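Working notes for the structure below.
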Amino acid sequence: MRTAVYREDLVHKLYESCLSAEHAPFEVLGRELLSGLEAVAVSIWSEHPRVPGALSRMVYEQNLKQGDLPQEDYAAARRVQAEEELIRATVTLKGRRRLSFCALPLRGRKAQFYLVFWALEPFTDEEAHTLSELAERLCTLLDLVLSSDLFQVQRVSHELQAAQFLQRQLMPRIESLQEVSSLAYRALPVHELGGDYLDVLRFPNGTLGLTVADAMGSGVPAAFVMLMARTIFRLITNVTTTPSTVLHELNNHFISEIADVNTFVTQFYAVFDPASRRLDYANAGHNPPVLFKRETGQTAFLPGKGVALGGLGDSEYAQRSVQLDQGDILVIYTDGLKEARDGQNSSFGLAGISKALLRYKEYSAEGICDGLIHSVLRHCSVQADDLSFLVLKV
Amino acid sequence: MVVGKTILGSNGQILLRQGVALTERYIQHLRDHFIEVVYIATGSGVTAHDVISDQTRIKALRETKRILGEVKRGAELEMEQVQQVLIGIIDELLLHDDVMVNLVDIRSYDEELFHHSVNVAILSVIVGIELKYSEKRLKDLAAAALLHDIGKIVDEDATLHLVIGRRILREHNRVGRRIADAVFQHHERWDGGGFPQGLAGEEIAEEARILQVTNVFDNMSANSRHPLEEVIEFLMEGSGSAFEPDTVRAFLNCVSFYPVGTPVELNTGERGIVVRANRGFPTRPVVMVTRNAFGPLDPFYELDLRAHPAHFVMKILESEAWEV
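Chains as they are written, first to last, in numbering that gives the first Met the number 0: chain A, 0 to 393; chain B, 0 to 323.
Here you go:
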């Protein structure tokens with residue numbers, strides 16, 4: 000430990016780096032303390048904001064090559080919390096290794112803090128004295144960081160990133176399906192989380208389940224609903240794959256789940272048989288998919304529309320079939336594609352989709368996706384809404 | 000600034016060599032020769048490689064200019080010389096059969112016929128290779144491509160030049176009927192809406208179907224300077240009506256939608272330059288990523304979009320908006 004040497008310098012450095020940190024200010028503080036004091040480990044604890052008597056760890060940083068001591072560190076924090084005064088002690092770890100800590104309480108204006116410092120040798124009186132002086136000087140900084148917007152914003156953004164990762168992991172894996180059919184999709188939420196749900200399932204009889212759904216609203220609430228829709232959908236398709244039945248069941252489950260929440264989901268669901276090239280589908284209030292017929296070069300909506308999920312209990316969903324031919328292209332999409340608006344407020348629409356399909360029809364589904372993105376962004380230049388679509392090229 | 004690619008003049012002479020520092024005087028020199036597009040080598044080491052070597056291209060341009068000039072003076076077509084030119088091109092393209100056409104490859108261009116002829120010959124051979132033509136057929140295809148507008152030497156008229164072209168070739172005992180037919184039919188359309196005979200579908204010689212595509216591609220990219228994406232979109236839009244779909248598909252496999260040197264932004268917020276194309280995957284090139292959503296990167300790294308399906312190009316960036 001080098002408690003005596005750089006004390007004043009260290010305090011300046013801690014303030015500077017911590018307040019100018021772009022994210023995770025507590026981690027920055029922990030790292031600076033660790034290196035500045037040449038400690039073995041450092042932790043900062045505070046009273047738990049919601050659970051009385053409990054502790055919440057703001058940061059833990061260690062400079063140990065082997066093993067770690069969060070258990071011992073927690074015990075030390077607990078002790079200092081109970082005794083409310085500076086504690087010095089030496090503990091024996093696994094493998095008979097001995098480490099010493101110095102833990103001290105700190106009364107901040109916002110909360111009660113506890114600092115724990117770990118070193119190889121026991122702390123001397125002088126070191127303990129210096130640490131308590133240093134702690135006094137840190138009190139204002141800890142208060143500041145804890146109450147800063149930066150800290151809150153960082154916390155939320157961390158959580159959003161974790162959720163975004165989770166949502167991306169839930170996207171279908173279609174690499175293995177390329178031998179069966181030329182399939183590709185794009186899912187581009189405008190913020191971290193999206194309310195669009197897109198899925199591709201391969202059923203045991205060789206057919207493919209294709210679905211695109213859109214939860215009302217956007218961001219976190221829509222992502223919750225989307226997640227629920229996905230779970231129910233996947234459970235139902237384990238039992239039956241028939242489009243009309245699946246949407247019927249889905250709607251009933253959905254209504255019982257969200258009876259008190261004023262929200263709904265639109266969903267298109269189809270089963271495609273690569274062998275016969277027949278597509279059976281049903282639609283729960285979703286944008287009608289666009290079908291490009293290779294032979295005529297014409298593009299049209301798939302007819303048929305039902306009640307959105309969560310709208311009306313026991314709704315029936317009409318099932319239709321369409322025969323696809325080689326070279327035909329089916330695009331199932333959410334609002335973001337059709338409603339993308341340019342500077343004159345005119346939407347991309349069926350005309351935009353048709354034109355793009357005509358212009359990229361010789362590419363694989365993957366290339367068509369790239370072409371659609373290219374065309375949409377040329378139309379509207381900035382993405383304003385969640386943008387998802389699934390392309391099947393027969 | 001350093002020139003990223005050797006610039007050829009209208010006679011095939013070298014105006015500026017690759018790697019030369021670009022000075023005011025050189026820029027003026029280029030302007031004098033009506034060169035508007037110059038590829039600048041960036042620090043990241045992006046250089047566009049032509050599908051054939053400068054040496055072969057220069058030789059082809061010189062010879063073609065001379066051969067066409069002889070015909071214009073009334074001399075007989077030197078078919079042997081033509082074949083020499085073509086063998087050089089074919090051999091080189093066969094050597095690297097993963098070539099991808101970049102816009103840069105066809106921009107050593109001007110209005111003159113022999114430039115266009117050599118370009119169409121190169122492009123047609125590339126398509127022929129993709130369609131697995133034999134070497135013998137490649138030679139016929141290349142000959143038809145190099146000579147497809149030979150009639151224009153006598154008359155520029157849209158229909159007449161086809162008739163004259165066929166006549167010149169038929170008079171020559173070393174030119175096969177296949178070549179003459181392809182030249183005569185290169186303005187037909189797959190749906191029967193073309194000229195001079197209004198042939199449709201299989202009635203049109205296969206070689207002519209290729210010429211239809213490569214001829215339009217070169218004319219569009221050169222004369223009106225359409226961005227490559229527009230030319231590609233035009234060809235695809237015309238697939239099944241103006242052009243035979245199989246030929247368009249084969250051609251598109253060899254043309255990168257994002258040419259080498261294009262600054263792009265990916266869906267991940269990463270930005271970079273296209274450094275290589277993947278044959279058969281026109282929209283999934285290799286990108287040298289120079290910055291991410293947080294700022295410039297050092298070092299840069301390469302991202303092969305073919306191997307990373309979750310990454311894709313969101314948009315082509317304006318050159319001005321793009322900085323390393």
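For each residue, glycine too, the CB sits at the ideal point set by N, CA and C.
Treat the numbers as computed from the prediction; the structure is a model and nothing was measured.
On the DSSP bridge list, what partners appear for residue i?
i                 : result
Cys101 of chain A : A:Arg87 and A:Phe116
Glu60 of chain A  : A:Val41
Gly271 of chain B : B:Val263 and B:Val288
Lys392 of chain A : A:Ser181 and A:Ile328
Gly208 of chain A : A:Leu200 and A:Val270
Arg106 of chain A : A:Gln111
Gln322 of chain A : A:Arg277
Ala221 of chain B : Beta-bridge pairing links Ala221 of chain B to no other residue.
Tyr300 of chain B : B:Val288
Ser346 of chain A : A:Arg340
Asn286 of chain A : Partner(s): none; Asn286 of chain A has no beta bridge.
Asn277 of chain B : B:Phe280
What is the residue span of the beta strand (DSSP E) that residue i lies within?
i                 : result
Thr289 of chain B : Phe280 to Asn291
Val289 of chain A : Val289 to Lys292
Asn251 of chain A : Run containing Asn251 of chain A: none in the beta strand (DSSP E); it sits in the alpha helix (DSSP H), Pro242 to Glu256.
Ala299 of chain A : Gln297 to Phe300
Met313 of chain B : Val312 to Ile315
Would DSSP call residue i helix, strand or coil?
i                 : result
Asp384 of chain A : coil
Thr265 of chain A : strand
Asn118 of chain B : helix
Thr333 of chain A : coil
Val100 of chain B : strand
Tyr73 of chain A  : helix
Leu340 of chain A : Correcting the residue identity first, residue 340 of chain A is Arg in this sequence and not Leu. Reduced to three states, the DSSP call for Arg340 of chain A is strand.
Gly294 of chain B : strand
Ser314 of chain A : coil
Ala127 of chain A : helix
Val254 of chain B : strand
Thr147 of chain A : It should be pointed out that residue 147 of chain A corresponds to Ser in this sequence rather than to Thr. In this structure, Ser147 of chain A counts as coil in the three-state DSSP scheme.
Glu46 of chain A  : strand
Lys12 of chain A  : helix
Ser240 of chain B : coil
Answer yes or no: does any C-beta atom of chain E fall closer than 7 Å to that of residue i?
i                 : result
Arg248 of chain B : This model lacks chain E altogether, as its protein chains are A and B.
In chain order, what residues of the same chain lie with their CB nearer than 7 Å to the CB of residue i, ignoring the 5 residues before and after it?
i                 : result
Glu365 of chain A : Ala183
Cys138 of chain A : Leu105 and Gly107
Arg56 of chain A  : Ser42 and Trp44
His378 of chain A : Ala339, Asp341, Phe347 and Gly351
Just curious, the alpha helix (DSSP H) that residue i is in, first and last residue?
i                 : result
Gly370 of chain A : Ala364 to Cys379
Ala221 of chain A : Gly218 to Val238
Ala142 of chain B : Glu134 to Leu145
Gly70 of chain B  : Checking the displayed sequence, the identity of residue 70 of chain B turns out to be Val instead of Gly. From DSSP, the alpha helix (DSSP H) with Val70 of chain B extends over Asp53 to Lys71.
Pro258 of chain B : Counting along the chain, Pro258 of chain B falls outside any alpha helix (DSSP H), and DSSP gives it neither H nor E.
Val81 of chain B  : Met78 to Leu94
Ser34 of chain A  : Pro24 to Leu36
Ile167 of chain B : Leu159 to Glu170
Gln233 of chain B : This sequence places Phe at residue 233 of chain B; Gln is not what is there. From DSSP, the alpha helix (DSSP H) with Phe233 of chain B extends over Leu227 to Glu236.
Val182 of chain B : Arg176 to Phe183
Compare the C-beta of residue i with all C-beta atoms of chain A and state if any pair is closer than 7 Å.
i                 : result
Met99 of chain B  : no
Glu187 of chain B : no
Met235 of chain B : yes
Lys314 of chain B : yes
Leu251 of chain B : yes
Phe311 of chain B : yes
Thr55 of chain B  : no
Does any residue of chain B have a CB that is nearer than 7 Å to the CB of residue i?
i                 : result
Asp369 of chain A : yes
Leu376 of chain A : yes
Ile26 of chain A  : The identity of residue 26 of chain A in the sequence shown is Glu, whereas the question assumes Ile. Not closer than 7 Å to any Cβ of chain B, the Cβ of Glu26 of chain A fails to qualify, so no.
Glu21 of chain A  : no
Gly342 of chain A : no
Arg358 of chain A : yes
Sorted by chain position, which residues of the same chain lie with C-beta nearer than 6 Å to residue i's C-beta, five sequence neighbours on each side aside?
i                 : result
Gly191 of chain B : Gly197 and Ala199
Phe253 of chain A : Leu308 and Gly309
Val179 of chain A : Pro273
Val390 of chain A : Ala183, Val330, Ala364, Ile367 and Cys368
Ser146 of chain A : Lys109
Gly312 of chain A : Ile254
Once you ignore the five residues that flank residue i on each side, which residues in its own chain have a CB closer than 8 Å to its CB?
i                 : result
His171 of chain B : Glu75, Leu76 and Met78
Val27 of chain A  : Ser16, Cys17 and Ala20
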